[in-house]
Amino acid sequence: MNRVYLGLGTNIEPRKSHLEKALEQLKQNEAITIVKQSNRYETAPVGYTEQADFLNMVVEIKTTLSPELLLDRCQTIEKELGRERTIRFGPRTIDLDILLYNEENIKTERLTVPHPRMHERGFVLIPLAEIAPHIKIGEETIDKLLNKLPKQERDDVKVWQQ
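Following the numbering used here, the numbering of the sequence shown begins with 1 at its first residue and continues without gaps.
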């Protein structure tokens, strides 16, 4: 059984519903078990900033799927929930990213794990630290990576109160 961490994000209303539907679709797959899930966090957009705030969260799953098959499943969920890839880092109904797959380093044409920008993103590191504080990315713990982030990057990530 493989231990995987997925990042989920949405900034097109109804945001809460998009997250819930994505979680439900993950649960419906018999090869995937959700073990833990973080709180939902509201975060300012990164990259392309002329858009609404995001809701982000991280889930830990156990799966028998290979990295490529898991990527296929995540992209199918995105498509079924109306994801359109028009603007890089732009608005989206749902985004599912494979952050970590066991302790493997994977680099293919379609997939890079650990996720290449996760160490720069408070909206990934903060919910990941909530459910898996022991995890290391490369040689560094989540706490160390969080402390390296600019203060604004950490401050822009707040537990969503709904």
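Glycine included, each C-beta is placed from N, C-alpha and C at the ideal position.
All figures in this text were calculated on a predicted structure; none of them were measured in a lab.
Boundaries (first-last residue) of the alpha helix (DSSP H) holding residue 81: Segment: none, residue 81 is in no alpha helix (DSSP H) and carries neither H nor E.
The region 144 to 152 touching the region 115 to 123, judged by at least three CB pairs closer than 8 Å: Yes: the two stretches touch, three or more of their Cβ pairs being nearer than 8 Å.
Residue 7, buried or exposed, once every other Cβ within 10 Å from all chains shown has been counted against 16: Taking all protein chains shown into account, residue 7 has 16 or more neighbouring C-beta atoms within 10 Å of its C-beta and is therefore buried.
Which residues DSSP lists as bridging residue 10, in chain order: 55
First and last residue of the uninterrupted beta strand (DSSP E) at residue 97: Where residue 97 is concerned, the enclosing beta strand (DSSP E) stretches over 95 to 101.
Expected contact under 8 Å - CB spacing of residue 131 and residue 60 to nearest Å: 6 Å
CB-CB length for residue 181 against residue 45, believed under 8 Å: Look at the range of the chain in this structure, 1 to 162, and you will see that residue 181 is not part of it.
Continuous alpha helix (DSSP H) stretch holding residue 37: start and end: Boundaries around residue 37 are those of the beta strand (DSSP E), 32 to 37, since no alpha helix (DSSP H) includes it.
Beta carbon of residue 41 nearer than 8 Å to that of residue 126: By the CB criterion at 8 Å, residue 41 and residue 126 fall inside the cutoff.
Neighbourhood of residue 106 by C-beta distance below 6 Å, restricted to the same chain and skipping five residues each side: So the list reads 67 and 113, once near-sequence residues are dropped.
For residue 96, the nearest candidate out of 144, 56, 139 and 63 (CA to CA): 56
For residue 154, the residue or residues it bridges with in DSSP: Partner(s): none; residue 154 has no beta bridge.
DSSP beta-bridge partners of residue 42: 55 and 158
Reference residue 58, options 154, 38 and 116, closest by Cα: 38
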